[in-house]
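Trainee: Read in the working numbering, the sequence shown has 373 at position 361, and its numbers run on one by one without any break.
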Amino acid sequence: MARRKKTVTKTETSIVLLNKPPMRTFFFCLLFANIYMAAEPLKTNENKPFNEFDAYIRNCPDHEENSIQSIAAYINRSAKTDLEKARGVYVWLTDNISYNDKGYNSHNFGDNSAEGVLKSRVAVCAGYADLFEAIAKNTGIEAISIVGYAKGNNYEEGDHFSESNHVWNAVKIDNAWRIFDATWGEGGGVKDKKGRLKSIKEFNDHWFNVSPEQAVFTHYPENPMELFTTQKITLEDFESLPDVSPDYLRQGFLTAEEILAKLKTKKPIILPILFPVDGEYSIRKAPKERTLTIGKLIEFEIECNEPDLKFFLLDENQIWKPLKRNNGNYIERYTPMVSGDLKIIVQSSSGTYVLMRYIVE
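(1) What does the Cβ neighbour count give for residue 151, buried or exposed, with the cut at 16 atoms within 10 Å?
(2) Run the CB neighbour count on residue 81, radius 10 Å, all protein chains shown included, and call it buried at 16 or more, exposed below.
(3) Within its chain, find whatever has a CB closer than 7 Å to the CB of residue 301; leave out the 5 residues flanking it on each side and keep chain order.
(4) Using the beta-carbon count (16 or more within 10 Å), is residue 350 buried or exposed?
(5) CB-CB under 7 Å to residue 361, same chain, minus the five flanking residues each way: which ones, in chain order?
(6) Based on the DSSP output, what are the partners of residue 359 in its beta bridges?
(7) Within 10 Å of its beta-carbon, does residue 143 have 16 or more other beta-carbons around it, so buried, or fewer, so exposed?
(8) Based on DSSP bridge pairs, tell me the residues matched to residue 312.
(9) Buried or exposed for residue 330, going by 16 or more other Cβ atoms inside 10 Å?
(10) To the nearest angstrom, how far is it from the Cα of residue 254 to the Cα of residue 229?
(11) Which residue comes first and which comes last in the alpha helix (DSSP H) that contains residue 223?
(12) To the nearest angstrom, how far is the alpha carbon of residue 186 from that of residue 201?
(13) Buried or exposed for residue 92, please, with buried defined as at least 16 other CB atoms from any protein chain shown within 10 angstroms of its CB.
(14) Beta carbon of residue 275, beta carbon of residue 249: below 8 Å?
(15) What are the start and end residues of each continuous alpha helix (DSSP H) run of 4 or more residues lying completely inside the region 244–305, in chain order?
(16) Between residue 335 and residue 354, how many whole angstroms is the CB-CB distance? I'm expecting something under 8 Å.
(17) Looking at C-alpha atoms only, which residue of 226, 278, 299, 291 is the closest neighbour of residue 269?
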């Protein structure tokens, strides 16, 4: 069995201070009797420009959904760009295809061809990818399915991959390949006391139109030609990379390229822990290593468009220090003087949550 994704949301929820809503961090995906699970993303409004188009796709009439060709034609009646076409495929799939719980629980995965999935409306990851590719090609865009390795919930740093365990897609947008994973975008799931999967459909926006440099932290193809990164990355490199998702990298304080450059040093890459917290904010400046040094000045800058959000530093002695607000940004120059955990806390109308965690030594 493939190892499944272990996330800070799942493993460190005890760090959250007050009123933390339950986080559904898992989604099950099978390929050749292997399992994959994805994490719930940080929720932002990055794809707001698609709101009207998404509504159009989700309102696709039943008679337009009888064939791959008719779905593609419906998408093309509104899509003006290749990216919108890919968006239409992604949204239609995540809205209309459900994960095959029965197949997962019985190990009888059924027909995962594009036509088979369209008929049954259930799939595992191979079926999502095959139908994605088929609809995308019928809209006129270039798309492929990629078989490869994915870091699952049971994955731990140091684990090695011996066989593929996932399938996803790549689409050529403006002459550059981008990564799409509709299986991870479809929702989440839990297991009951008997170990049976119960999926919960909830749209996940962050596996739409992902750069290859961001995707390579969790997805690595069997065929290296389908990696599409500018930097050469081996399977061994992939295994050594930290397990972070695109939503982490989209915050802005740390880029995929910065992390990938550290591969050349052959030193362990240990990043700050980032927790999913709803809100319109971006972490523009923050220390890029998890371990901080006592007495060494550090800087934080958080861009925030929500006036009811407030940010604080919380040290091991439970001393709270508010980040100063300046024209929509929260900025703080801080020198840690206490060893142990240092957290960034966010307060909102719904509760108080941990956003980031460091270790001071």
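A virtual CB, placed ideally from N, CA and C, is assigned to each residue, including glycine.
Mentor: Once the coordinates are examined:
(1) buried
(2) exposed
(3) 282
(4) exposed
(5) 320
(6) 322, 364
(7) buried
(8) 344
(9) exposed
(10) 7 Å
(11) Per DSSP, residue 223 belongs to no alpha helix (DSSP H) and is neither H nor E.
(12) 35 Å
(13) exposed
(14) yes
(15) 247–252, 258–261, 268–273
(16) That belief does not hold up - the Cβ atoms of residue 335 and residue 354 are roughly 13 Å apart, past 8 Å.
(17) 226
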